[in-house]
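> Sending over a structure as structure tokens; questions will come in a sec.
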Amino acid sequence: MNQSTVTEDKIADIEKKLRHISGIIKQKGREILNHYPITPPQFVALQWLLESGDMTIGELSNQIHLACSTTTDLVDRMEKNGLVERVRDPNDRRVVRIHLLEKGESIIHEVIEKRQAYLEHVLRSFSGDQIDLFRGLLNSMHDEMTVIQQENQANNENS
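full-length UniProt numbering applies: residue 1 is where the sequence shown begins, and numbers increase by one.
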């Protein structure tokens, strides 16, 4: 077996493990969300609003990778449930932003706490050093993926 094959096998194994981990996390996340009056896409939207602040429908749709019309329907349902509200931008009255309300923020914090508790349970047998190493590797991978994503977006805009 040559070096290239070994590397390809390792990459294939990493991809498979990441896919499986992602699936397990998604399943656990949905189990947690079953106890709350929000859907998985609403959870993602509320997270973005919590992390980034008020956004327009267009900005939010770009972040959650949904069409503007789909995002509008999503926001309509969240507004009806008292999770968000539409507010006029004080600097430009033509612009309407989606604002996270206390009820939406409270739900997001509760769900994230439960997700973190699950992860803490999963990592309970890891040493502090292993967790630090794992976190560092995840940060490096995330940073590299972010750079590649930004390069791809820039290339697409220039095409």
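Backbone N, C-alpha and C define an ideal beta-carbon position, used for all residues, glycine too.
Am I right that residue 187 and Gly104 are in contact with their C-beta atoms under 8 angstroms? What's the rounded C-beta distance?
Since the first residue of the chain shown is 1 and the last is 159, residue 187 is not available in this structure.
> Per the contact definition of three or more C-beta pairs closer than 8 angstroms, is the segment 35–43 in contact with the segment 77–96?
Output reads yes: the segment 35–43 touches the segment 77–96.
> Restricting to Cα atoms, I'd like to know which of His109, Leu119, Gln27 is closest to Glu51.
It is His109 whose Cα lies nearest to the Cα of Glu51.
> Under the rule that 16 or more other beta-carbon atoms within 10 Å means buried, what is Leu123, buried or exposed?
Classification of Leu123: exposed, given that the 10 Å Cβ count is below 16.
> Buried or exposed: Val111, going by 16 or more other Cβ atoms within 10 Å of its Cβ?
Counting Cβ neighbours within 10 Å, Val111 comes out buried, since at least 16 surround it.
> Touch check for the segment 23–39 and the segment 114–132: three-plus C-beta pairs under 8 angstroms?
Yes: at least three Cβ pairs fall under 8 angstroms.
> Look up His20 in the DSSP assignment and say whether it is helix, strand or coil.
Helix at His20.
> Between which two residues does the beta strand (DSSP E) harbouring Asp89 extend?
Unbroken beta strand (DSSP E) run through Asp89: 84–89.
> Can you say whether Arg97 is buried or exposed, counting buried as having 16 or more other CB atoms within 10 angstroms of its CB?
So Arg97 ends up on the buried side.
> Using the beta-carbon count (16 or more within 10 Å), is Leu133 buried or exposed?
Its Cβ having fewer than 16 others within 10 Å, Leu133 is exposed.
> Where does Asp54 sit, in a helix, a strand or coil, going by DSSP?
Asp54 falls in the coil class under three-state DSSP.
> Inspect the beta-carbon positions of Leu46 and Leu100 and report whether they are closer than 8 angstroms.
Yes. Within cutoff.
> Could you give the residue range of the beta strand (DSSP E) that holds Leu123?
Taken as a continuous stretch (DSSP letters only), Leu123 belongs to no beta strand (DSSP E), as it is neither H nor E.
> Rounded to the nearest angstrom, what separates Met55 and Leu49 at their Cα positions?
Near 7 angstroms, if we compare the C-alpha coordinates of Leu49 and Met55.
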